[in-house]
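**Student:**
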Amino acid sequence: MTESTHSHQAPAYIEFGEYSTHVPKNIPIALEQATGRFLGNREARIAEMPQWEELRQAAHEIRLHTLLNLDLYLELVEKQVVAAGGVVHWAVDAAEASAIVVDIARQHGARTAVKVKSMATEEIGLNQALEAAGIQAYETDLGEFIIQLAGTGPSHIIVPAVHMRKEEIAALFREKLGIDAPTDPLELAAIARRILRERFLEAEMGISGANFLVAETGALVIVSNEGNGRMCTTLPDLHVAVVGIDKVVPDWESLTVLLKLLARSATGQKLSAYTSFITGPRRTVGEGGAKQFHLVLLDNGRSRILQDPVARETLKCIRCGCCLNVCPVYKHVGGYAYGWFISGPIGAIFSPQILGVEAARELPFASSLCGACADVCPVKIPIPKILLHLRHRVVEGDEFEKPAAPAPLRASASLGRVALSTPWLYRLGTRLLPFLMAPLRRDGWLPALPPPVNRWTRVRPLPAFRGGFREWWAQRQRRNGDRDSRGSP
Ligand code: SF4
Numbered sequence: 212m213t214e215s216t217h218s219h220q221a222p223a224y225i226e227f228g229e230y231s232t233h234v235p236k237n238i239p240i241a242l243e244q245a246t247g248r249f250l251g252n253r254e255a256r257i258a259e260m261p262q263w264e265e266l267r268q269a270a271h272e273i274r275l276h277t278l279l280n281l282d283l284y285l286e287l288v289e290k291q292v293v294a295a296g297g298v299v300h301w302a303v304d305a306a307e308a309s310a311i312v313v314d315i316a317r318q319h320g321a322r323t324a325v326k327v328k329s330m331a332t333e334e335i336g337l338n339q340a341l342e343a344a345g346i347q348a349y350e351t352d353l354g355e356f357i358i359q360l361a362g363t364g365p366s367h368i369i370v371p372a373v374h375m376r377k378e379e380i381a382a383l384f385r386e387k388l389g390i391d392a393p394t395d396p397l398e399l400a401a402i403a404r405r406i407l408r409e410r411f412l413e414a415e416m417g418i419s420g421a422n423f424l425v426a427e428t429g430a431l432v433i434v435s436n437e438g439n440g441r442m443c444t445t446l447p448d449l450h451v452a453v454v455g456i457d458k459v460v461p462d463w464e465s466l467t468v469l470l471k472l473l474a475r476s477a478t479g480q481k482l483s484a485y486t487s488f489i490t491g492p493r494r495t496v497g498e499g500g501a502k503q504f505h506l507v508l509l510d511n512g513r514s515r516i517l518q519d520p521v522a523r524e525t526l527k528c529i530r531c532g533c534c535l536n537v538c539p540v541y542k543h544v545g546g547y548a549y550g551w552f553i554s555g556p557i558g559a560i561f562s563p564q565i566l567g568v569e570a571a572r573e574l575p576f577a578s579s580l581c582g583a584c585a586d587v588c589p590v591k592i593p594i595p596k597i598l599l600h601l602r603h604r605v606v607e608g609d610e611f612e613k614p615a616a617p618a619p620l621r622a623s624a625s626l627g628r629v630a631l632s633t634p635w636l637y638r639l640g641t642r643l644l645p646f647l648m649a650p651l652r653r654d655g656w657l658p659a660l661p662p663p664v665n666r667w668t669r670v671r672p673l674p675a676f677r678g679g680f681r682e683w684w685a686q687r688q689r690r691n692g693d694r695d696s697r698g699s700p
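Note that the numbering used here has the sequence shown beginning at 212, numbered continuously upward.
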């Protein structure tokens with residue numbers, strides 16, 4: 212396996228934070244409806260499976276075992292894909308992965324490509340790289356088709372356009388496609404299908420990701436609810452798959468465990484509508500499928516994550532999106548607030564590790580640590596524990612990275628630690644604070660703090676500190692005692 216020379220640069224074609232400029236106002240309502248439906252369905256499916264917790268434990272063990280033996284399984288993948296007639300490429304980072312795909316396209320004279328859902332290609336900014344090389348890439352999942360028209364990225368792992376209402380999609384179709392689009396979802400889907408059908412037939416190249424890679428046979432596994440996966444991977448003569456090295460599973464038996472968990476955790480289905488298995492190119496004239504198959508195995512920092520015994524569990528993720536559906540923060544701010552293609556709790560731990568904490572230093576703090584994500588994760592990723600681990604990395608630094616928090620913040624965190632662990636200092640502070648704040652206080656609020664502590668009050672006022680909890684509690688007890696001694700009316 213190629214050793215990663217990870218440099219913590221953001222992918223060449225996407226700037227961290229680019230997506231956050233498109234934050235629609237109706238996000239909480241749209242998200243509540245969609246995620247509530249998924250979670251309700253999930254509950255129903257779990258109720259049918261008394262062995263759910265055993266499956267989660269087995270999935271955790273399979274994923275961890277695979278990660279700890281990844282070099283062996285990746286070598287097996289390569290051997291089996293080559294034996295099946297495919298070509299395997301190793302990409303150290305985003306720029307190299309994009310360059311490989313562009314090269315393959317050029318060698319085959321491809322001018323247009325159809326794509327089926329691939330988070331890995333979002334991660335490397337492949338569409339922008341193809342466009343720069345004069346190759347037009349068309350997204351073909353309905354949600355991806357919509358956000359490509361809108362010029363944004365996905366706002367949810369499995370429902371990229373979850374934040375958009377049908378009225379907004381109809382308006383987008385009218386504006387970008389010049390079609391009189393009604394607001395009926397079936398009509399909108401039919402319009403997209405008509406356009407996409409032409410593109411499937413014209414494209415010289417199909418590009419996909421994969422949900423899993425089965426090492427035992429080198430099979431690519433694509434799970435979807437639309438038929439576009441099969442169209443993209445079988446209609447064009449050339450199929451290129453870009454897959455993160457963490458997607459490997461040892462064998463078919465392991466895969467069945469993960470497939471049982473994936474759709475149930477994602478949308479509450481027993482199984483997605485389509486589960487495609489692709490092993491190399493077609494081997495006989497009568498067989499369906501592409502004539503040429505290339506597999507690009509993407510590292511992009513994953514080897515580095517693997518070295519960290521705490522953070523490596525991030526790579527167990529099977530991208531079901533369930534942690535987004537339960538996250539109170541995600542449901543209020545939406546996916547674009549996370550600044551990159553992968554959002555929610557998994558984004559908050561994945562992005563800082565791939566991009567580096569300097570670029571994404573705020574994400575580990577974008578959590579209330581309620582633990583709902585870890586409770587539902589089908590592969591038992593301890594997300595709150597990893598968030599705390601990354602918070603420590605941001606503030607203190609560790610053997611993997613230097614601290615990224617600004618010096619004033621680090622100094623105030625150190626002061627806070629001393630104050631909170633020294634009772635007499637804490638008591639003194641709680642007595643002094645109301646006096647120190649007096650010049651800034653207006654009706655119990657602090658409407659404007661001076662820099663550098665004014666980030667919050669630039670947006671909204673801060674409640675003024677009114678005293679320590681113990682004093683407040685003692686006062687409350689005294690008040691209640693007085694009332695009790697007066698007796699009930
Ligand atoms: S972290 Fe767990 S719950 Fe979240 S997307 Fe990954 S597998 Fe699903």
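Note that beta-carbon positions come from the ideal geometry of N, C-alpha and C, so glycine has one too. Everything numeric in this text was worked out from a predicted model, so none of it was measured.
To the nearest angstrom, how far is it from the Cα of residue 269 to the Cα of residue 276?
**Tutor:** Stepping through the sequence shown from its first residue, residue 269 is reached at position 58. Stepping through the sequence shown from its first residue, residue 276 is reached at position 65. Taking the straight line joining both Cα atoms gives about 10 Å.
**Student:** Is there contact between the stretch 384-399 and the stretch 367-374, where contact requires at least three CB pairs shorter than 8 Å?
**Tutor:** Judged by Cβ distances under 8 Å, the stretch 384-399 makes no contact with the stretch 367-374, as fewer than three pairs qualify.
**Student:** DSSP three-state call for residue 452: helix, strand or coil?
**Tutor:** Along the sequence shown, one-based indexing puts residue 452 at 241. Three-state result, residue 452: strand.
**Student:** Return the CA-CA distance between residue 467 and residue 531, expressed in angstroms with no decimal places.
**Tutor:** Residue mapping note: residue 467 aligns to position 256 of the sequence shown, counting from 1. Residue mapping note: residue 531 aligns to position 320 of the sequence shown, counting from 1. Computed Cα separation, rounded: 15 Å.
**Student:** Please confirm whether any heavy atom of the ligand SF4 lies closer than 8 Å to the CB of residue 532.
**Tutor:** Working through the sequence shown from its first residue, we reach residue 532 at position 321. Yes, the ligand SF4 has a heavy atom inside 8 Å of this Cβ.
**Student:** Just to check my reading of the structure: residue 251 and residue 374 have Cβ atoms closer than 8 Å, yes? What is that Cβ distance to the nearest angstrom?
**Tutor:** Locating residue 251 in the sequence shown gives position 40, where the first residue counts as 1. Locating residue 374 in the sequence shown gives position 163, where the first residue counts as 1. Wrong, their Cβ atoms sit about 20 Å apart, outside the cutoff.
**Student:** To the nearest angstrom, report how far apart residue 681 and residue 687 are at their CA atoms.
**Tutor:** Locating residue 681 in the sequence shown gives position 470, where the first residue counts as 1. Locating residue 687 in the sequence shown gives position 476, where the first residue counts as 1. Their Cα atoms are separated by approximately 10 Å.
**Student:** Looking only at its own chain, which residues have a Cβ that is under 6 Å from the Cβ of residue 342, when we skip the five neighbours before and after it?
**Tutor:** Your numbering for residue 342 matches position 131 in the sequence shown. None.
**Student:** Verify the contact flag: residue 476, CB atom, against every heavy atom of the ligand SF4, threshold strictly below 8 Å.
**Tutor:** Reading the sequence shown from its first residue, position 265 is the one you call residue 476. Yes - the ligand SF4 has a heavy atom lying nearer than 8 Å to the Cβ of residue 476.
**Student:** According to DSSP, is residue 460 helix, strand or coil?
**Tutor:** Reading the sequence shown from its first residue, position 249 is the one you call residue 460. Looking at residue 460 - three-state DSSP - the assignment turns out to be strand.
**Student:** Use the C-beta contact count for residue 543: other C-beta atoms within 10 angstroms, 16 or more gives buried, fewer gives exposed.
**Tutor:** Stepping through the sequence shown from its first residue, residue 543 is reached at position 332. Under this definition residue 543 is an exposed residue.
**Student:** Work out the CA separation of residue 637 and residue 631 for me, nearest whole Å.
**Tutor:** Position 420 of the sequence shown holds residue 631. Position 426 of the sequence shown holds residue 637. Straight-line Cα distance between these residues: approximately 6 Å.
**Student:** Does the distance from the C-beta atom of residue 576 to that of residue 333 stay below 9 Å?
**Tutor:** Your numbering for residue 576 matches position 365 in the sequence shown. Your numbering for residue 333 matches position 122 in the sequence shown. Against a cut-off of 9 Å, the Cβ pair of residue 333 and residue 576 comes out as no contact.
**Student:** Ignore the nearest five residues each way along the sequence and tell me which others in residue 304's own chain have a CB closer than 6 Å to its CB.
**Tutor:** Along the sequence shown, one-based indexing puts residue 304 at 93. Hits under 6 Å: 511.
**Student:** Kindly list the residues whose CB is nearer than 7 Å to the CB of residue 621, restricted to its own chain and excluding five residues on each side of it in sequence; keep chain order.
**Tutor:** Taking the first residue of the sequence shown as position 1, residue 621 is located at position 410. Closer than 7 Å at Cβ, skipping near neighbours: 606, 614.
**Student:** Taking the beta carbon of residue 625 as the centre, do at least 16 other beta carbons fall within 10 Å, making it buried, or is it exposed?
**Tutor:** For the purposes of this step, residue 625 is identified with residue 414 of the sequence shown, where counting begins at 1. With fewer than 16 Cβ atoms within 10 Å of its Cβ, residue 625 is classed as exposed.
**Student:** Using the beta-carbon count (16 or more within 10 Å), is residue 685 buried or exposed?
**Tutor:** Residue 685 sits at position 474 when you count from the first residue of the sequence shown. Result: exposed.
**Student:** At a cut-off of 8 Å, is residue 535 close to the ligand SF4 when judged by its beta-carbon and the heavy atoms of the ligand?
**Tutor:** Start at 1 with the first residue of the sequence shown, and residue 535 comes out as number 324. Yes, the Cβ of residue 535 comes within 8 Å of a heavy atom of the ligand SF4.
**Student:** For residue 429, is the beta carbon positioned less than 8 Å from some heavy atom of the ligand SF4?
**Tutor:** Within the sequence shown, residue 429 is the residue found at index 218, counting from 1. False, no ligand heavy atom lies under 8 Å from that Cβ.
**Student:** At a cut-off of 8 Å, is residue 588 close to the ligand SF4 when judged by its beta-carbon and the heavy atoms of the ligand?
**Tutor:** Position 377 of the sequence shown, counting from 1, holds the residue named residue 588. Yes, the beta carbon of residue 588 sits closer than 8 Å to at least one heavy atom of the ligand SF4.
**Student:** I'd like to confirm the pairing. Which residues does DSSP put opposite residue 430 in its beta bridges?
**Tutor:** By one-based count along the sequence shown, residue 430 stands at place 219. Looking at the DSSP assignment, residue 430 forms a beta bridge with 425.
**Student:** In angstroms, rounded to a whole number, what distance separates the CA positions of residue 339 and residue 418?
**Tutor:** Within the sequence shown, the letter at position 128 stands for residue 339. Within the sequence shown, the letter at position 207 stands for residue 418. When rounded, the distance between both Cα atoms is 14 Å.
**Student:** Using only the alpha-carbon positions, how far apart do residue 596 and residue 398 sit?
**Tutor:** The residue you call residue 596 lines up with position 385 of the sequence shown. The residue you call residue 398 lines up with position 187 of the sequence shown. When rounded, the distance between both Cα atoms is 45 Å.
**Student:** Give the straight-line distance between the Cα atoms of residue 458 and residue 422, rounded to the nearest whole angstrom.
**Tutor:** Start at 1 with the first residue of the sequence shown, and residue 458 comes out as number 247. Start at 1 with the first residue of the sequence shown, and residue 422 comes out as number 211. In a straight line, the C-alpha of residue 458 is about 7 Å away from that of residue 422.
**Student:** Please indicate yes or no: does the CB of residue 458 lie closer than 8 Å to some heavy atom of the ligand GTP?
**Tutor:** As presented, the structure is devoid of the ligand GTP, carrying the ligand SF4 as its sole ligands.
**Student:** For residue 326, which residues does DSSP report across the bridge?
**Tutor:** Sequence index remark: in the sequence shown, residue 326 carries index 115 (1-based). Partner(s): 350, 418.
**Student:** Our contact map puts residue 344 next to residue 317 with C-beta atoms below 8 Å; I'd like the distance itself, whole angstroms only.
**Tutor:** Reading the sequence shown from its first residue, position 133 is the one you call residue 344. Reading the sequence shown from its first residue, position 106 is the one you call residue 317. Contact holds; Cβ gap of about 7 Å.
**Student:** What does the alpha-carbon distance come out to for the pair residue 671 and residue 555?
**Tutor:** Counting from 1 along the sequence shown, the entry for residue 671 is found at position 460. Counting from 1 along the sequence shown, the entry for residue 555 is found at position 344. One C-alpha to the other measures close to 24 Å.
**Student:** Please go through the stretch 630-687 and give each complete beta strand (DSSP E) segment of 3 or more residues, from N-terminal end onward.
**Tutor:** Those beta strand (DSSP E) runs which fall completely within the stretch 630-687 and span 3+ residues do not exist here.
**Student:** Looking at residue 580: is its Cβ nearer than 9 Å to the Cβ of residue 598?
**Tutor:** Walking along the sequence shown from the start, residue 580 turns up at place 369. Walking along the sequence shown from the start, residue 598 turns up at place 387. Yes, the pair counts as a contact, with Cβ atoms nearer than the cut-off.
**Student:** Could you check where the beta strand (DSSP E) with residue 263 kicks off and where it finishes?
**Tutor:** Position 52 of the sequence shown, counting from 1, holds the residue named residue 263. Looking at the DSSP string, residue 263 is not in any beta strand (DSSP E); the run it does join, the alpha helix (DSSP H), is 263-279.
**Student:** Using CA coordinates, which residue listed in 639, 665, 673, 351 is at the minimum distance from residue 653?
**Tutor:** Locating residue 653 in the sequence shown gives position 442, where the first residue counts as 1. Per the Cα distances, 673.
**Student:** Residues in the same chain with beta-carbon distance under 7 Å from residue 455, minus the five sequence neighbours each way, listed in chain order, please.
**Tutor:** Here residue 455 refers to the residue found at position 244 of the sequence shown. Cβ within range, chain order: 331, 509, 513.
**Student:** Looking at the unbroken alpha helix (DSSP H) that takes in residue 529, where does it start and where does it end?
**Tutor:** Numbered from its first residue, the sequence shown carries residue 529 at position 318. It is not in any alpha helix (DSSP H) - residue 529 carries neither H nor E in the DSSP assignment.
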